[in-house]
Amino acid sequence: MIVSVNGDSQEVMENASVADLLQLLELNAAHVAVEVNRELIPREQHQQYRLSAGDQLEIVTLVGGG
Amino acid sequence: MSTELDVSTNDWLQIGSHRLDSRLIVGTGKYDTYELMADSLRESATHCITVAVRRERLYDQHGQNILDYIDLNRYILLPNTAGCYNVEDAVRTARLGREILRGLENSGADWVKLEVLGDSKTLLPDPIATLKATEQLVEEGFQVLCYTTDDPIVARQLKNAGATAVMPAGSPIGSGQGILNPNNIRICMEYLKADDPNYPVIVDAGVGTASDVAEAMELGVDGVLLNTAIAHAKDPVRMSHAMRLACEAGRSAYLSGRIPKRLYATASSPEDGVIGGARPR
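As you go down the protein sequences, you meet chains U and E in turn.
Using my numbering, the first residue of the first sequence is number 1, and each one after it goes up by one.
Using my numbering, the first residue of the second sequence is number 1, and each one after it goes up by one.
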């Protein structure tokens, strides 16, 4: 199925969890925070939270700023 | 008899639940390299550094993350909502920042530097949106440090809305113009500290060089937040050192109580006992 990640289309397995997606993208889960459809998904729920086709995800990290 | 005076001892900066050993808060943006950033932060002796929250670069990342260059045991991170132009984006960004910092087990997870901008040319804050976002974030349990203009009325409203600290700009972000209206900063302090002398007022933005930091601290503000003046100096590490000294100098001068300005001279040497004795009139 297709979801949107940071505005780009991303193919993921049916029923993939947030944790599965982070693994697929080779992201360090400790360095990111994830929103699905504008709702923050806390780290503790990354394993259980199942994505649906068309979900809009934002994956953010910290960068330099003032 | 001589006594060593260590002004840094027992002069920490309390902002909400956080106790900072330095009155400089330093940004992590715009350095040429992460190594230069890390060296500059160390040289500034800051205890608190700001960070921004941005989309992860999924396809062209070089494997470097700023977190690999930040000692999380040394610094309290202060996540910002820079780049947000409305209440919803600012609140979402604050929540995301909190989520990352919780995962890092950094104590900065419970606070946020709130920026809600009104205009991309001036980067001046939208005061109405800033006020609304402050109310909402306070409701959600954040300690909110508000970037705002030097308008004393807005400053008072932000405090009344529950802001943990109010941070008036000296001049526009990154402009290096210093403190354009010291009288407004004075009035902000008078209003915010009237019944609450320890309420933190931080000058945030506008610093161009060390004397700007000293001037702000001499006005009696509790701290200074700066980024570009260090990151874009020709020698950022050396400028960090200058900022540290200026902050300490300005703070000491403020605590010492400066002499009043006078129109005419007052001699430092005794007026009596001068040989000759003829004086022009």
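Every residue gets a Cβ at the ideal spot worked out from N, C-alpha and C, and that includes glycine.
Counting along the chain, U/L40 sits inside the beta strand (DSSP E) bounded by residues E39 to I41. In the structure shown, E/E115 falls within a coil segment according to DSSP collapsed to helix, strand and coil. At a cut-off of 9 Å between beta-carbon atoms, E/P125 makes no contact with chain U.
Note that the C-beta distance between U/G64 and E/L225 is not below 9 Å. A buried status is given to E/A165, since no fewer than 16 other beta-carbon atoms sit within 10 Å of its beta-carbon.
Around E/A109, the same chain offers R98, L101 and R102 as residues with beta carbons nearer than 7 Å, after the five sequence neighbours per side are excluded.
Close partners of U/A30 in chain E (Cβ separation under 9 Å): L67, I100, G103 and L104. Contacts with chain U (Cβ-Cβ distance below 9 Å) from the segment 204 to 237 of chain E involve D204, A205, L225, L226, N227, T228 and A231, listed in chain order.
For U/Q10, the uninterrupted beta strand (DSSP E) segment begins and ends at D8 to E11. One finds R92 in chain E with Cβ atoms closer than 8 Å to the Cβ of U/R38, taken in chain order. Here U/I2 is exposed. Its C-beta has fewer than 16 other C-beta atoms within 10 Å. Contact note: U/A16 does not reach chain E at a C-beta cutoff of 8 Å; the least C-beta distance is about 16 Å. Judged by their CB atoms, E/A133 and E/V116 are nearer to each other than the 9 Å cut-off.
When secondary structure is reduced to three states using DSSP, E/Y31 falls in the coil class, being assigned neither helix nor strand. E/D39 and E/D68 have their alpha carbons spaced roughly 14 Å apart. Within the DSSP bridge table, the entry for E/Q14 names E/R19 as partners. Proximity to E/E56 across U/T61, U/V5, U/R43 and U/S52 peaks at U/T61, based on C-alpha coordinates.
For the 9 Å CB-CB criterion, E/N65 and U/N28 form a contact.
E/G118 and E/A265 have their C-alpha atoms spaced approximately 48 Å apart. Just so you know, the alpha carbons of E/K113 and E/R238 end up roughly 26 Å apart. Proximity of U/A33 to chain E, defined by a Cβ-Cβ separation below 9 Å, is satisfied. In terms of Cα proximity to E/R92, the closest of U/E11, U/V36 and U/R50 is U/V36. A direct Cα-Cα distance of roughly 10 Å separates E/L72 from E/I49. For U/Q47 and E/P200, the gap between their C-alpha atoms comes out near 41 Å.
Rounded to whole angstroms, E/W111 and E/V138 show a C-alpha spacing of 10 Å. DSSP places E/D89 in the uninterrupted alpha helix (DSSP H) bounded by V87 to L104.
As the crow flies, the alpha-carbon of E/E218 is around 19 Å from that of E/A229.
At a beta-carbon threshold of 8 Å, the residues of chain U lying near E/V51 are L62, V63, G64 and G65, ordered along the chain.
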